[in-house]
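Working notes, structure below.
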Amino acid sequence: MSDELENKSGYQAQSSETVNEYSGSAVGDVDYVRPAEVSDQDLYHGHSFITKWVFCQDAKVIGVQYFLTAVFTGIVGLILSWLMRLQLGFPGLAGFMTAEHYYQFVTMHGMIMVVYFLTALFLGGFGNYLIPLMVGARDMVFPYVNMISFWMFFVAVAVLMASFFVPGGPTGSGWTLYPPQAILEGTPGSGAGILLMLISLSLFVIGFTMGGLNYLITVLQARTRGMTLMRMPLTVWGIFTATVLAMLAFPALLVSSIMMTLDKVLETSFFMPTIIKAGEVLGYGGGSPILFQHLFWFFGHPEVYIVALPAFGIVSDLISVHSRKNIFGYRMMVWAIVGIGALSFFVWAHHMYVSGMNPWFGFFFATTTLIIAVPTAMKVYNWILTLWRGNIRINTVMLWCLGFIVTFVNGGITGIFLGNVSVDVPLSDTYFVVAHFHMVMGIAPLMVIMGAVYHWFPLVAGRILDEGLGKWHFWITFLGAYSIYFPMHYLGFIGVPRRYFEMYDSPYMTSGVGLNEFISLAAFIVGAAQFILIYNIIKTLKTGKLAGKNPWQANSLEWQTSTVPPEHGNFGEKLPVVHRWPYDFSVPGAKDDFIPQTVPPSEVIDTEVEKT
Amino acid sequence: MSDPKIEGYQFKPGFRGMVDDTASDQTMFKGVHWGKAMMWIFLLSDTFVFSCFLISYMKGRGSTPVEWPNASEVFGLHVFGVDVPLLLIAIMTFVLITSSGTMALAVKYGYEKNRKMCGWLILATAIGGLTFVGMQAFEWSKLIHEGVRPWENPFGAAQFGSFFFMITGFHGTHVSIGVIFLFIYAYKTFAGHYDEEKRGWFTSMKGNYVEIEILGLYWHFVDLVWVFIFAFFYLW
Amino acid sequence: MHAGIVFFLVILGSVLFHIFTPWYWTDIASNWGGMDDTITLTFWVGGGVFVAVCLFMTYCIFKFSYKEGRKAEYKPEDKKLERILTWATTIGVVALLAPGLIIWNQYVNVPKNALEVDVMAWQWGWQYRLPGEDGKLGTTKVININDNNPFGINTDDPYGQDDVIIQSDVLNLKTNRPVKILLRSVDVLHNWYVPQFRAKMDAVPGVVTFYWFEPNKVGEYEVLCAEYCGVGHYAMRGTVIVQDEQNYNQWLSEQETFSEFVAKLDKLEIEEKKIVKKINLN
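In order, the protein sequence lines correspond to chains A, B and C. With our numbering applied, the first sequence covers 1 to 612. With our numbering applied, the second sequence covers 613 to 848. With our numbering applied, the third sequence covers 849 to 1130.
Written out as structure tokens, the structure is:
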């Protein structure tokens, strides 16, 4: 231990004077950048296996830890979805599948994918890895808290997984956990299962708060010299705004979890009215089930954007880099992200149009919901306008981005159906809803994750993923996923309700049988195709092409590190100084078709670069 | 405190200054310590937690079909043969607000590097907090003795007990955590960890008197929340 | 290039699928045709945007694929274009929102002459109650529910005595008379949903929720539970039979009222006691 302490102070912190000498001498010089406000960060360097790879304080390692843990839960979620599709497409084929199991799988699949997979992956995974690199910081501002954040998440996942092994199994109350049903007999896992779920969610919220504070303060207070907010890559903007949403939305989840735990354990009646079950009057009375729904969706709707905004940000960067063209309308993109984030707190009850709340709320929430469509549409226009007159590399990364645009526009437009209150009435709680949210917050963000993996893998591992395998992976996933969810909307039109264990033999159900079988087959193939990526990663780690520095000729700071992969402290001796936005691609008069953010104006004096 | 001086940066007053700070590089809140900014944002998040609790309480109180108990009777204290409504709560509130005052003074002496005064004032704050928690425990036991439980109570709507124990319990947990940290910080102050910039036990970050101000922010927040809880539970 | 072709085929396939799909909504049997119309309108506008955006994207793939030495355009912003697109989108959104809100306004305002139907849900089944000759439903309380009072009717409420109670999951309705569905639940959330009527609303324990529709087509329809309510959710079904006035009245006259039900129970009880007495005597 003493040896460790010694090492803690052993880090050679640079004094601010050395940084000042680096660039720009006086005010008025074209290359002038203000001197550093804060002295260089004091970092703890791990030196044993445990402090380097397990309880590590380096945000990059924490990011990878988050990523791998999230992917592990994601694979569990994937397997659960296979089992569900097996039951829906080919009922009776899996002999062990009872209605109890089916509902447990539905619930766990939903909760895992939304919270433990997508949220953790985008914010914990990409957020940790990319924020310090992209804003030019040595690390997150509170590395120790950041480490605790991951381990809290890890424990939350462990508790969640433990619920598979308790008597009664995991909760089967649907991922929305609506009371009274969630904690009453008659729902599978209403004993230990739901309790572990609530505990796990509370742990997740606490852990996430620790991480979230790091992301926010790193972006707000630890940017490098010259890095203004309006010079940040949109990836950082997306993750930043999503984190703000999370910090304000997760409290509602925490509170509702606490209240439901008390309802379950102490028989309080926060959400429980007088209930008669099997002729017995239960010991509850006077509570309001709709209160839970308000709390849940006050969290639940921003949650959708917690997943979507990082995806918006990342895809903007990927499209820009691989079209060799600046992102079109950067400022509009930033304001759209911020605006969508702010509006997302005023739309939650559009999940509750037919919940029995005061129906007059419908007018307000339908209006706010459709207002969100405007900034969202602007983002879509700007993505395709970025492609326009670009010089588009049709590589694997770009393919995932194009796949994202198709699936996102598709899912976004079905969102207009569901947000428009009276159109929602016939469609809510049918497969139309299932198809909509899988398309828009399942497949579309997943496309971005995949694109981001292919894009940043060379940075993380130093080798470029195999393009051939990548293209197979993309086409099977994209075409497969599209043929799962596009036709699924039509099941909803027929009137097939969601969360039905069996599509029994009534007239409008039987007509959908063939379609159901097709969807299931496609789901098996798409799920299996994901293992191509795992194979690709293993193969690339062994024999892949070496990436070298900046293989995509990108401008943002993460590619300007002193070594690839970047070591602890990110930028070696001196922190980079930023002179421009990260989108100076194909600038007229420039030698190359890209000008990294660190290039000072004096080096590209003849170019017609716009001031940013 | 006067505005911080930052080399090469021109501070401007008012809205213009806010826009300039936002548009500048490196930091958004000029001269603000990372930890302090973190605490502010954490408190914003915590505000949402307590708001959710209190809004749920209002909704629960509004929608329960059974009569809500009369606060001044339930929380009344029988002293020297007289029923005094809200006596205990008045003392609790007074103690907590006073501890906010001692905390503020501790921060002041901390920045003046007055180790002794700072340490004693932190200790006084901690003892104030402890007294508050103790009195809360007394009130809880009194109510429990009278038959109030989270799931029922003899005075009226069952939700009264549920919300009361949950929200004051959650707030009491905040106070208790604060007290623990106050004791630790008092020790660290007396031991001179902030003067000699000793590295933290866990975080390995250098000690600095700003940490006392950060803890102070948390402490004032906890007091402020109490004012709201006080108003919602005892005065409504 | 190949990518462009595949994306084009995906868009074409989506459009063709929509045109030729054998899976589309069931024939409507209520007054909510406006909902279908709004869906159709949204399909035209939204589908148009989808096809336009994706075709533009495909065009870009064909036209601007990577060529060594070519330089992309450098144009960070185009204020005018952005403004035009914002306004066009806003107009489109308003055009979709307006009919939606108009129909919602009809949905939340129940016609005065609507027939009230009390739909009571439990895990897992339905039962119904219609007002008697006085045209009013008696008040109820969950706590009153027992074998002698399956609907929990307040026995001191005179309106409740003549209520028609239907202890089966088959409900009859007559054509062209608005129906106000009053939903109750004794345990968890449920939702009384008939796809052909388009309308739905959750039944929430502790409160009474409502919605209305006007059946306008004779036939037998299936009722589904559309809010997850536990492990029997998928099996929670019922039937609605919509008939013309004459058949409906016939059916109605065959149903028993609450007071008849109670009288029958009392009689049974007395007979039971007699039997017990006899047995004891023997």
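Ideal Cβ positions, reconstructed from N, Cα and C, are used throughout, including at glycine.
Helix, strand or coil for residue i per DSSP?
i: proline 167/A; result: coil
i: glutamate 1068/C; result: strand
i: tyrosine 806/B; result: coil
i: histidine 45/A; result: coil
i: lysine 725/B; result: coil
i: valine 599/A; result: coil
i: proline 132/A; result: helix
i: alanine 1051/C; result: strand
i: histidine 850/C; result: helix
i: glutamate 21/A; result: Bear in mind that a pLDDT of 41 at glutamate 21/A, under 50, signals an unreliable position, so the number given afterwards is only what the model happens to contain. In this structure, glutamate 21/A counts as helix in the three-state DSSP scheme.
i: glycine 411/A; result: helix
i: histidine 645/B; result: coil
i: asparagine 358/A; result: coil
i: glutamate 1104/C; result: strand
i: glutamate 517/A; result: helix
i: tyrosine 381/A; result: helix
i: valine 609/A; result: coil
i: methionine 1/A; result: The pLDDT assigned to methionine 1/A is 36, lower than 50, so where the model puts this residue is not dependable, and the model offers no usable value.
i: arginine 761/B; result: strand
i: phenylalanine 633/A; result: No statement about residue 633/A is possible, as the shown extent of chain A runs from 1 to 612 and does not include it.
i: valine 1088/C; result: strand
i: serine 428/A; result: coil
i: threonine 874/C; result: coil
Beta carbon of residue i, beta carbon of residue j: below 8 Å?
i: tryptophan 871/C; j: leucine 491/A; result: yes
i: proline 959/C; j: proline 1026/C; result: yes
i: alanine 718/B; j: glycine 828/B; result: yes
i: threonine 1023/C; j: asparagine 1002/C; result: no
i: glycine 1054/C; j: proline 289/A; result: yes
i: valine 1042/C; j: isoleucine 1089/C; result: no
i: asparagine 536/A; j: arginine 918/C; result: no
i: phenylalanine 833/B; j: aspartate 658/B; result: yes
By a C-beta neighbour count over all protein chains shown, 10 Å radius and 16 as the cutoff for buried, is residue i buried or exposed?
i: glutamine 1098/C; result: exposed
i: tyrosine 500/A; result: buried
i: arginine 931/C; result: exposed
i: alanine 278/A; result: exposed
i: proline 1006/C; result: exposed
i: glycine 226/A; result: buried
i: phenylalanine 493/A; result: buried
i: histidine 757/B; result: exposed
i: lysine 728/B; result: exposed
i: threonine 785/B; result: exposed
i: methionine 670/B; result: exposed
i: proline 359/A; result: buried
i: lysine 624/B; result: exposed
i: methionine 630/B; result: exposed
i: phenylalanine 594/A; result: buried
i: isoleucine 1057/C; result: Sequence check: residue 1057/C is threonine here, not isoleucine. When all chains shown are included, threonine 1057/C counts as buried.
i: tyrosine 797/B; result: buried
i: valine 1071/C; result: buried
Contact between the stretch 849 to 859 of chain C and the stretch 731 to 744 of chain B (3+ Cβ pairs under 8 Å): no
Touch test, the stretch 644 to 659 of chain B against the stretch 815 to 827 of chain B, Cβ-Cβ under 8 Å, three pairs minimum: yes
Validate contact between the stretch 73 to 85 of chain A and the stretch 98 to 112 of chain A using beta carbons, cut 8 Å, 3 pairs: yes
Ordered list of alpha helix (DSSP H) runs contained in the stretch 697 to 748 of chain B, each at least 4 residues: 699 to 723
Every unbroken beta strand (DSSP E) inside the stretch 966 to 1030 of chain C [3 residues or more]: 973 to 978, 1012 to 1014 and 1018 to 1022
Inter-stretch contact at 8 Å, needing at least 3 Cβ pairs: the stretch 165 to 183 of chain A / the stretch 255 to 262 of chain A: yes
Segment contact, 8 Å Cβ cut-off, at least three pairs: the stretch 58 to 71 of chain A with the stretch 115 to 129 of chain A: yes
Ranges of the beta strand (DSSP E) found wholly within the stretch 216 to 259 of chain A, counting only runs of at least 3: none
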